[in-house]
Each structure stands twice: as C-alpha cells, then as structure tokens.
Amino acid sequence: MFDVFGSVKGLLKLDSVCIDNNVFRLHYKATVIILIAFSLLVTSRQYIGDPIDCIVDEIPLHVMDTYCWIYSTFTIPDRTGVVGKDIVQPGVASHVDGEDEIKYHKYYQWVCFTLFFQAILFYVPRYLWKTWEGGRIKMLVLDLNCPVMSDECKLERRKLLVDYFTLNWHTQNFYAFRFFLCEVLNFVNVVGQIYFMDFFLDGEFTTYGSDVVKFTEMEPEERIDPMSRVFPKVTKCTFHKYGASGTVQKFDGLCVLPLNIVNEKIYVFLWFWFIILSVLSGLTLAYRAAVVAGPKLRLVLLRARSRLSKPEHIEAIAEMCQIGDWFVLYQLGKNIDPVVYQQLVVDLATKLQGKESEERKVPISYVYGVMSDEIAFVDSNRASMHCSIPMNESKCSRSENSQENWVDTINEEFLVKTNERLVPE
C-alpha cells in the first residue's frame with residue numbers, strides 16, 4: 004500500500020524560493036497531493052483488487068462480475084425500509100420495469116480518472132504563474148536567504164537589488180496582476196469543481212457532506228445512510244441471454260461493491276475540503292482587492308513584513324511605489340533574511356528619496372532656446388525660479404508662484420559652469 008503513494012513524494016518537496024502564498028499552495032500542492040493519492044488508492048483497489056462480486060445461480064460468477072462491471076449496476080431509490088425485514092439493502096428490492104424509478108451507478112468506474120483530472124486542473128494556475136513569473140524572484144533573491152555570507156557579498160548584492168528597483172520602478176504592475184489573475188483562477192476552479200462533482204454524482208455532491216452530518220445526529224431506527232444512497236455497497240444487475248427455446252431470459256443478480264466503501268469516505272473528505280478551500284480562496288480575493296485599492300493597507304503589510312525597519316523608510320517607499328513595486332518587494336521579504344531585508348529597505352528608501360530630490364533640482368529646460376541666457380529651476384517645494392545669467396554677472400529672481408522663501412544663495416560652482424555654457428565664444 005505504501006508503494007502506491009511513493010510517486011506522490013515529489014510533490015512534497017518544498018521550494019527554496021516562495022513565489023506565492025499559503026492559500027495558493029493549498030491549491031497546487033496540498034489538494035493535488037490529496038487527489039492523486041486518492042486516485043492511486045482507488046486505482047489499486049479497482050484494477051489490482053476485486054472491485055465487484057456478483058451472485059446469480061445460472062450464470063458463471065466471473066462472467067457475471069465482468070458483465071455487471073462493464074454495464075454498471077442499479078438500485079431502486081424508492082425502496083426503503085428496515086434492512087433484513089422489508090428490503091435486502093437500501094434500494095435493493097423487486098421492481099416493475101417501466102413503473103419504478105431505476106438509478107444506474109456508472110460513475111464508480113470513473114472515480115480514479117476524474118480524481119486525476121481534477122488534480123491536473125488544480126495545478127493549472129500554478130503552471131501559468133510559474134511560466135509568467137519566469138524565475139524573477141529567485142534571481143532577485145541572489146542567495147540572500149543563505150545564512151552564511153560575507154558582509155561584502157551582502158552589500159554588493161543589496162546594491163544590485165537597489166539598482167534593479169530603481170531601473171524598474173513603476174514597471175512591474177503587469178507582473179503583479181498576472182499573479183492576481185491566477186488567484187482568481189484558483190477560486191473559479193474550486194467552485195467549478197464542486198459543481199462538476201455534483202454533475203458527476205448525479206446531483207448528490209452539493210449536499211453530500213451536510214447529509215452525512217445530519218445522518219450521524221439521527222436516531223438509528225429512523226436514519227437512512229446518504230453514503231449508501233450515493234455509493235451503494237449492494238446493488239442489482241440484470242443479465243440477459245437466450246434460453247433453450249431461443250427466447251430471451253432475464254437473470255437478476257446481487258452485486259457487492261467493496262470499492263464503494265473507499266469511495267464514500269473519499270467524497271465525504273473532499274466535500275469538507277473543497278468547502279473550506281473555496282471559503283479561504285474567496286477571502287483571499289477580498290483581501291487582494293483591498294490591497295490593490297488601499298495604499299494604507301499596503302503600508303501596514305510592508306511594515307509587518309519589515310519590522311526591523313524604521314517607519315519613515317517604510318513610509319517613503321510606500322508613498323512612491325505602485326502595486327507592482329510593492330508586490331515584488333513584499334515577495335522578496337518572504338525569502339530574504341530579515342536583517343538583510345531591513346538594510347535593503349533603508350538603501351532603497353535612501354536611493355528613491357535621493358533620485359526624487361535630484362529630479363526636482365536639475366535644470367528643467369531652456370526657456371528661450373539653447374543660446375538663451377534665462378533658465379528655469381524647481382526647488383523641493385516645486386516653486387519655480389528664473390535665473391538670468393548675463394555675460395559678466397549672475398542674478399536670480401524668484402517667481403510669483405513661490406510658496407516659501409527661496410534659498411539665499413545658489414551653488415557657485417553650478418553657476419560658474421552654467422555661465423561658461425551660456426557665454427558665446
């Protein structure tokens with residue numbers, strides 16, 4: 004039995020770099036492992052063991068077993084009562100063709116295949132995200148999750164990360180929204196599979212788990228086992244053959260389905276598991292919508308991810324980043340040593356603030372052309388100033404739209420260089 008589950012061991016391997024979240028892993032890792040394990044278990048009992056045993060006097064047993072397994076068995080849902088007194092088993096009694104409702108049970112032959120197919124569907128969002136992600140987070144980690152690394156190496160790799168964020172600032176939204184799309188696919192998949200299994204079990208799955216819970220709370224004399232209704236252990240099978248006179252003879256046999264003992268337990272577990280998974284996935288989508296729409300929530304989450312960082316550094320990054328920048332930085336926090344991550348936050352905040360300051364202080368444009376002697380500057384408060392730089396002297400006049408006092412002097416070196424650039428030869 005343990006050899007059957009040996010092929011599932013590869014799915015238990017933990018990734019060295021985390022590129023998703025816990026709920027995502029419940030879909031592509033936990034659920035896939037569960038479904039494949041169940042599929043292998045059913046397969047081992049169905050095709051290696053003895054899935055059906057039928058009883059009829061006039062027909063050889065192996066012929067009857069094969070026939071009833073291929074053409075399926077049936078029950079009479081209306082036949083209920085006390086087992087051993089009124090009926091042989093729930094749904095097993097004499098019936099009249101054309102008058103009594105007959106329910107055929109074909110799906111138990113396909114349980115192992117449907118479980119495996121469902122496992123593939125649960126892995127599809129993971130496959131898409133892994134393809135779209137392209138190993139970006141793994142490349143950005145740069146072994147900074149390694150506990151043993153020299154300070155010089157850490158400093159060099161932090162600089163590389165800061166340079167990456169600086170060059171790709173505000174260009175990573177598409178990367179983040181692809182992940183959000185995969186989260187939506189997870190939710191759609193689990194809800195869709197609930198309805199798929201309901202269709203597969205002839206409309207019995209949506210209330211299957213709740214019916215089992217109610218069954219355990221009822222009095223033994225009054226209750227009817229819903230598991231026996233969906234996965235009957237004893238069913239009927241009708242075999243037809245020609246008699247000695249050439250007429251068609253009908254033989255009713257009783258068939259025992261030991262495989263359904265396993266199937267009923269599997270689907271009880273899957274009912275509760277899928278309900279829990281769909282609720283968690285729905286809450287994840289609500290959380291994700293709040294993250295996309297709420298910059299303040301992103302700030303709180305970034306603070307929680309980098310508790311060692313100073314609040315002003317976190318706030319500086321949160322104010323300037325978009326959802327894609329925040330997402331990549333947050334994902335890195337899951338994979339990098341907390342101390343290194345804190346230093347990265349400090350370096351990135353300093354770099355971004357310095358870059359913003361430089362962009363505000365550099366010359367904006369020449370006002371009257373390349374050879375003009377008047378250029379415009381912008382200070383940190385975005386108050387404009389025009390500087391007239393004649394041939395022999397320089398003077399600055401503050402424009403009327405300034406909101407604060409301008410600095411008294413301007414960097415002499417910058418003025419000298421500007422004079423030299425503007426003086427005609």
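Letter by letter, the sequence shown follows residues 4 to 428 in the working numbering.
Glycine included, every Cβ here is placed at the ideal spot set by N, Cα and C.
Residue closest to residue i, alpha-carbon to alpha-carbon, out of the options
i: residue 239; options: 276, 353, 93; result: 93
i: residue 161; options: 171, 143, 174; result: 143
i: residue 327; options: 176, 217, 68, 241; result: 176
i: residue 96; options: 108, 113, 82; result: 82
i: residue 152; options: 272, 47, 339; result: 339
i: residue 332; options: 141, 231, 248, 266; result: 141
i: residue 233; options: 53, 174, 79; result: 79
i: residue 281; options: 46, 242, 187, 131; result: 187
i: residue 37; options: 17, 272, 74; result: 272
i: residue 50; options: 29, 253, 116; result: 116
i: residue 279; options: 30, 217, 120; result: 30
i: residue 125; options: 34, 65, 253, 356; result: 34
i: residue 259; options: 22, 54, 46; result: 54
i: residue 131; options: 27, 352, 246, 242; result: 27
i: residue 154; options: 100, 164, 343; result: 343
i: residue 253; options: 62, 43, 22; result: 62
i: residue 357; options: 214, 237, 323, 73; result: 323
i: residue 18; options: 133, 221, 245; result: 133
i: residue 227; options: 15, 75, 90, 43; result: 90
i: residue 325; options: 296, 345, 347, 350; result: 296
i: residue 119; options: 46, 166, 349, 167; result: 46
Residue burial classification, residue i (beta-carbon count within 10 angstroms, cutoff 16)
i: residue 320; result: buried
i: residue 182; result: buried
i: residue 396; result: Residue confidence for residue 396 is low, a pLDDT of 43 falling below 50, so the modelled location carries little weight; the figure read from the coordinates is stated next. Label assigned to residue 396: exposed.
i: residue 309; result: buried
i: residue 391; result: In this prediction, residue 391 scores a pLDDT of 40, lower than 50, which makes its location untrustworthy; no coordinate-derived value is stated.
i: residue 314; result: exposed
i: residue 108; result: buried
i: residue 248; result: exposed
i: residue 39; result: buried
i: residue 122; result: buried
i: residue 287; result: buried
i: residue 192; result: buried
i: residue 352; result: buried
i: residue 178; result: buried
i: residue 23; result: buried
i: residue 16; result: exposed
i: residue 158; result: exposed
i: residue 367; result: Residue confidence is low: residue 367 scores 41 on pLDDT, short of 50, so the model does not pin down where it sits. Its coordinate-derived value is still stated next. The residue in question, residue 367, is exposed, as its Cβ has fewer than 16 Cβ neighbours within 10 Å.
i: residue 216; result: exposed
i: residue 335; result: buried
i: residue 64; result: exposed
Enclosing alpha helix (DSSP H) for residue i [first to last residue]
i: residue 285; result: 262–296
i: residue 185; result: 176–203
i: residue 38; result: 35–46
i: residue 20; result: No alpha helix (DSSP H) contains residue 20, which DSSP labels as neither H nor E.
i: residue 254; result: Element bounds for residue 254: not the alpha helix (DSSP H) but the beta strand (DSSP E), 251–259.
i: residue 151; result: Run containing residue 151: none; DSSP gives neither H nor E here.
i: residue 208; result: Unbroken run through residue 208: none, as it is neither H nor E.
i: residue 141; result: 139–144
i: residue 27; result: 25–28
i: residue 231; result: 229–233
Limits of the beta strand (DSSP E) - the one that residue i falls within
i: residue 239; result: 237–245
i: residue 15; result: Note, residue 15: premise wrong, no beta strand (DSSP E); not H, not E.
Beta-carbon spacing of residue i, residue j below 7 Å
i: residue 58; j: residue 77; result: no
i: residue 485; j: residue 305; result: The requested residue 485 does not occur in the structure, where the chain is confined to residues 4 to 428.
i: residue 274; j: residue 195; result: no
i: residue 284; j: residue 199; result: no
i: residue 114; j: residue 266; result: yes
i: residue 41; j: residue 197; result: no
i: residue 311; j: residue 341; result: yes
i: residue 337; j: residue 71; result: no
i: residue 214; j: residue 235; result: no
i: residue 354; j: residue 169; result: yes
i: residue 110; j: residue 203; result: yes
i: residue 246; j: residue 67; result: no
i: residue 185; j: residue 128; result: yes
i: residue 145; j: residue 347; result: no
i: residue 243; j: residue 237; result: no
### Task
Pick out the complete alpha helix (DSSP H) segments inside the stretch 55–96, 4 residues or longer, and give them in chain order.
64–74, all fully within the stretch 55–96.
### Query
What are the start and end residues of each continuous alpha helix (DSSP H) run of 4 or more residues lying completely inside the stretch 286–353, in chain order?
298–308, 314–323, 326–338
#### Entry: Complete beta strand (DSSP E) runs within the stretch 99–130 (minimum length 3 residues, chain order)
106–108, all fully within the stretch 99–130.
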